[in-house]
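Peer 1: What follows is a structure written as structure tokens; I'll ask about it next.
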Amino acid sequence: MTVGESKGLPFSDGMLVGNTLYIAGQEGTDTNNKLLAGGIGPETQQALENIQNVVKAAGFELKDVVAVTVYLADIHEFGDMNKVYRSVMPDPKPARATVQVAALVNNARIEISAIAVKGK
């Protein structure tokens, strides 16, 4: 089952398979697909809000997220990203990998993908 809007792009924001929700990479863009100004902090906050929107649309909660992959344009922003991430993601925090990439769509600073499991 497809979950969420793809903002006109050729992929789904989420795919629900059984009790597992696969969440596509979310950038710090608003509903008009505009990147939030202000750098890594606001972009991280918005990317996590976008993930939460997909999670809720599938009938899940943020606490159901079990794995996250964070893609950073600049690994030196790891600490600033973590400050926001820590304040948003509930305990226990999901397993996570963070990597630096060569570039992101929209010249974004961050993209986050996730997997959630209902009834874990």
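Heads up: the sequence shown runs through residues 10 to 129, numbered per the working numbering.
Idealized CB from N, CA, C, for every residue including glycine.
1. Cα separation between residue 43 and residue 21?
2. Where does the unbroken alpha helix (DSSP H) through residue 96 begin, and where does it stop?
3. Do the segment 106-123 and the segment 37-53 make contact, defined as three or more Cβ pairs closer than 8 Å?
4. Just verifying my parser: in three-state terms, what is the DSSP assignment at residue 113?
5. Nearest to residue 18 by CA position, among 65, 33 and 107, is which residue?
6. Would residue 124 pass as a contact of residue 38 if the rule is Cβ separation under 8 Å?
7. Measuring CA to CA, which of 48, 114, 24 and 112 is closest to residue 63?
Peer 2: Well, looking at it:
1. 18 Å
2. 87-97
3. yes
4. coil
5. 33
6. no
7. 24
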